[in-house]
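A.B. asks: Using UniProt numbering, read the sequence shown as starting at 1 and increasing by one per residue.
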Amino acid sequence: MESPSKAKTIEKYLGNRYKVMASLGHIRDLPKSKMGIDVENNYEPHYISIRGKGDVIKELRKEAKKADHVYLAADPDREGEAIAWHLSYLLGLDPKDKNRVVFNEITKDAVKNAFKTPRAIDMNLVDAQQARRALDRLVGYSISPLLWSKIKKGLSAGRVQSIALNLIIKREKEIRNFKPEEYWTIDAEFKKGRSKFEGSFYGIDGKKTALQNNDAVKSVMERIDTKKPFTVDNVEKKERKRQPPLPFTTSTMQQVANNNLKFRTQKTMMVAQQLYEGINIGRSGTVGLITYMRTDSTRISEVAKHEASEFIHSEYGENYAAIKPRQGKLAEGAQDAHEAIRPSSVLRTPKSLEKYLDKDQMKLYSLIWSRFVASQMTPAVIDTMRVDLEQNGVSYRSTGSKLKFDGFTKVYADSKHKDNMLPDLENGDEVIMSRNQPNQHFTLPPARFTEAALIKTLEENGVGRPSTYAPTLNTIQKRYYVKLAARKFEPTELGEIVDNMIGKCFPDILNVKFTAKLEDQLDEIEEGKQEWVKVVDEFYKPFSTEVKTAEEKMAKVKIKDEPAGFDCEICGAPMVVKMGRFGKFYACSRFPDCRNTKAIVKQIGVKCPQCKRGEIIERKSKKNRLFYGCNRYPECDFISWDKPIARDCPKCGHFLIEKKTKQGMQVKCPNNDYEEAIQK
């Protein structure tokens, strides 16, 4: 196995005739100090034992000699297959022997069944992983030294990370170049008897009409006679079905966890790994609660479908159990090697596991469990009604809906339906307009990428695979190419410089179609349709020419130090603004002779409400969350997650704060219900 926790669980399932050991992840890899790929000899990789794994390898060899048979049970994916292959080499096993066991979930039945049908190591899977590793090493170890010599040390480049960075920067350019356009809406309230309902301007003389300025609004308003009723011109009643969602793939789980639970991608994968490897749930001992969490398939086993159907019948009734559950189409390029992410047993409800899971495990397990159960349920049924209201050629439209049957939403309500049924209206009925309110709007620029939106875009473009998204997003942040502000990616100056250089010298690296094609070729290697050496060779020959050209022609970029505007209190030399891995900071211009540095703090112009002497400044927590504190810390320990303002509450005298609500930014008192809207 790869992890000690999995090893303990599986040893318990297999009994005392077996000894299960952990390799603690990879045990062989390419050397860090050099390329490790022999480009002159069919791209032969030079693998070495990973530093620090000597004792692990020694212990594994010792126990392997004692055993009658050695089984390799690394994770059921390309990387796991490669780890098994490396283990077979170090332990002197024949990779053609049937010594490889794979299972999609860590439960007693799944593990025991896997050991009944061991197979040989799948060299197609191994070669696909070798090709990915070789391609990433050739790109990274060719471009990174160029970035060090031309920009600064510590930078890196990679196939998927360069595309991710480029997408963020392209979106930022769209935002900078965006020109807002004016448009108007007119919202109205209508009455029929005692019933009131909302409607909005639709068009003139039956045609949908856009209101681009105030003159167009005035023209509409002048045509309306407020003393006359509107006539119901058209009534359309329909029954709409809302289909249940498909069970999670890796990327959809990452996206929904980011949107609904506010989990970072790395955190989602870490918690999912814990649930997969196993949690101690009392009498049953340690059990893997979910299936393998790296998958691009929505396929569900027949056993799991049957168990879910029985559970839904008994828990919610036969009307909720789908006779033929919805099946998704396999995405282009998807490997379909594993099932979707689901609970290993639907009978282990979130409520039954409350006392065994921590807060984060509970949140993610509940999400996975409810999504899977919902995928096996019937659609929600919604009654909808749409009416057109007309007067003097001016049309307003009103829509309403009512939940007729909740279906899958009984378990999984990703967006809660609100009933908004219109009164019973028929063609020719007359209604009174009681309010008519024009509103000016401006079009908004495209939104910056959240982690969820970026993963969705990468997946749609066929760039990367389930296992690559979390480390990719982590790398571009670690290198300070991008930063997260309000959970959205913003490129840094350094990121834009790196992206510009890669784009000029290595256009294929930033070509989404080119990178997606490489991913398809890796899949073809896995399927035995291509040879890995040929795929690597076809990429590397033109790429190596680009590297040589870049070495000669790429200009050096000097990131100038910005003057800080004050002198060093230690030596008197001017202080400058420098760029570090965590952002900008003040440093003495005489570095390394003088090593004085200071954090850059942003004052918000508010006196500390606690000590009355210090200034409130913006700070960041270890998790990069913005908060506000006194600049006299540690003498004054005032902190606030919400931004204080320089006014006190008229009710109680407590300092007021700015807080984001569903209604927008508001000024509130933390002590009572006092609040006021912030006018833009």
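The C-beta atom is built at its ideal place from N, Cα and C for all residues, glycine as well.
Going by DSSP in three states, L484 sits in which element: helix, strand or coil?
C.D. replies: L484 falls in the strand class under three-state DSSP.
A.B. asks: Along the chain, which unbroken stretches of the alpha helix (DSSP H) at least 4 residues long are found entirely within the UniProt domain "Toprim" (1-106)?
C.D. replies: Entirely contained in the UniProt domain "Toprim" (1-106), the alpha helix (DSSP H) runs reaching 4 residues are, in chain order, 4-14, 54-66 and 78-90.
A.B. asks: How would you call S344, buried or exposed, if buried means at least 16 neighbouring beta carbons within 10 angstroms?
C.D. replies: S344 is buried by the Cβ-count criterion.
A.B. asks: Which residues bound the beta strand (DSSP E) around residue 682?
C.D. replies: An answer regarding residue 682 cannot be provided, because it is not within the stretch 1 to 680 covered by the chain.
A.B. asks: Among residues of its own chain, excluding the 5 on either side of V535, which ones have a beta-carbon nearer than 7 Å to its beta-carbon?
C.D. replies: Correct list, in chain order: A131, Q521 and I525.
A.B. asks: Only counting the same chain, and skipping five residues up and downstream in sequence, which positions put a Cβ closer than 7 Å to that of K238?
C.D. replies: Excluding sequence neighbours, K238 sits near T384.
A.B. asks: Where does E526 fall in DSSP's three states?
C.D. replies: Helix at E526.
A.B. asks: Whose C-alpha, out of I432, T378, S395 and N427, is nearest the C-alpha of Y412?
C.D. replies: Here the closest residue by C-alpha is T378.
A.B. asks: Distance, Cα to Cα, T185 vs S395?
C.D. replies: Near 13 Å, if we compare the C-alpha coordinates of S395 and T185.
A.B. asks: Hey, how far is the Cα of V126 from the Cα of R133?
C.D. replies: Rounded to whole angstroms, V126 to R133 spans 10 Å at the Cα level.
A.B. asks: Could you check which residue in P438, R171, L91 and G15 has the C-alpha nearest to that of S49?
C.D. replies: For the residues P438, R171, L91 and G15, the minimum Cα distance to S49 belongs to L91.
A.B. asks: Just to confirm, is the Cβ distance from G320 to G407 under 9 Å?
C.D. replies: What sits at residue 320 in the sequence shown is Tyr, not Gly. Yes, the pair counts as a contact, with Cβ atoms nearer than the cut-off.
A.B. asks: Distance check for K267 and Y18, CA to CA, integer angstroms please.
C.D. replies: Distance between the alpha carbons of Y18 and K267 is about 34 Å.
A.B. asks: Looking only at C-alpha atoms, which of Y633, D637, Y628 and K116 sits nearest to E658?
C.D. replies: Measuring from the Cα of E658, the nearest candidate turns out to be Y628.
A.B. asks: According to DSSP, what are the bridge partners of R397?
C.D. replies: Paired residue(s): S200 and D388.
A.B. asks: Ignoring anything shorter than 4 residues or poking outside the region 271-336, list the alpha helix (DSSP H) runs there in chain order.
C.D. replies: 302-316, all fully within the region 271-336.
A.B. asks: From E81 to G158, what distance separates their C-alpha atoms?
C.D. replies: The straight-line gap from Cα to Cα measures roughly 23 Å.
A.B. asks: How big is the Cα-Cα spacing for R342 and I600?
C.D. replies: Rounded to the nearest angstrom, the two C-alpha atoms are 46 Å apart.
A.B. asks: When you compare only the Cα positions, how much space is there between I143 and Y586?
C.D. replies: So the alpha carbons of these two residues sit roughly 30 Å apart.
A.B. asks: So, for I432: in the same chain, excluding its five sequence neighbours on each side, which residues have a beta-carbon less than 8 Å away from its beta-carbon?
C.D. replies: So the list reads F190, K191, K192, P229 and F230, once near-sequence residues are dropped.
A.B. asks: Would you decide whether K544 is buried or exposed? Buried here means 16 or more other CB atoms lie within 10 Å of its CB.
C.D. replies: According to the sequence provided, residue 544 is Ser. The question's Lys does not apply to it. Looking at its Cβ environment, which holds fewer than 16 other Cβ atoms inside 10 Å, S544 is exposed.
A.B. asks: If you check the beta carbons only, do P445 and P180 fall under 9 Å apart?
C.D. replies: Taking 9 Å as the Cβ cut-off, P445 and P180 qualify as a contacting pair.
A.B. asks: With a 10 Å radius around its C-beta and 16 neighbouring C-beta atoms as the bar for buried, classify S297 as buried or exposed.
C.D. replies: So S297 ends up on the buried side.
A.B. asks: How many Å lie between A677 and G664 at the Cα?
C.D. replies: The alpha-carbon atoms of A677 and G664 are separated by roughly 8 Å.
A.B. asks: Please report the distance separating the alpha-carbon of D567 from that of N259.
C.D. replies: Going from the Cα of D567 to the Cα of N259 covers about 45 Å.
A.B. asks: DSSP on Y674, reduced to helix/strand/coil?
C.D. replies: Y674 falls in the coil class under three-state DSSP.
A.B. asks: Return the first residue and the last residue of the beta strand (DSSP E) that A564 is part of.
C.D. replies: E562 to D567 is the span of the beta strand (DSSP E), which, as asked, contains A564.
A.B. asks: Is the beta carbon of A340 less than 9 Å from the beta carbon of L425?
C.D. replies: No, they are not a contact pair.
A.B. asks: Could you pull out every residue in the same chain whose Cβ sits closer than 7 Å to the Cβ of G333, ignoring the five residues on either side in sequence?
C.D. replies: Its pLDDT being 45, under 50, G333 is placed unreliably by the model, and the measurement read from it follows with that caveat. Closer than 7 Å at Cβ, skipping near neighbours: G462, E519, D520 and D523.
A.B. asks: Mapping the DSSP letters down to three states, classify K192 as helix, strand or coil.
C.D. replies: Looking at K192 - three-state DSSP - the assignment turns out to be strand.
A.B. asks: Look at the Cβ atom of G278, then the Cβ atom of I163, and state whether they are nearer than 9 Å.
C.D. replies: Contact flag unset, no.
A.B. asks: Going along the chain, which unbroken runs of the alpha helix (DSSP H) with 4 or more residues stay wholly within the region 414-464?
C.D. replies: Taking only runs of at least 4 residues, the alpha helix (DSSP H) segments lying wholly in the region 414-464 are 451-460.
A.B. asks: DSSP three-state label for T268, please.
C.D. replies: Helix at T268.
A.B. asks: Please determine if the region 305-324 and the region 270-284 are in contact, where contact requires at least 3 C-beta pairs separated by less than 8 Å.
C.D. replies: The region 305-324, when compared against the region 270-284, does not touch it at the 8 Å Cβ threshold.
A.B. asks: Taking the beta carbon of F103 as the centre, do at least 16 other beta carbons fall within 10 Å, making it buried, or is it exposed?
C.D. replies: F103 is buried by the Cβ-count criterion.
A.B. asks: For A84 and I121, which I take to be in contact (beta-carbon distance under 8 Å), what is that distance rounded to the nearest angstrom?
C.D. replies: Correct: roughly 6 Å between the Cβ atoms.
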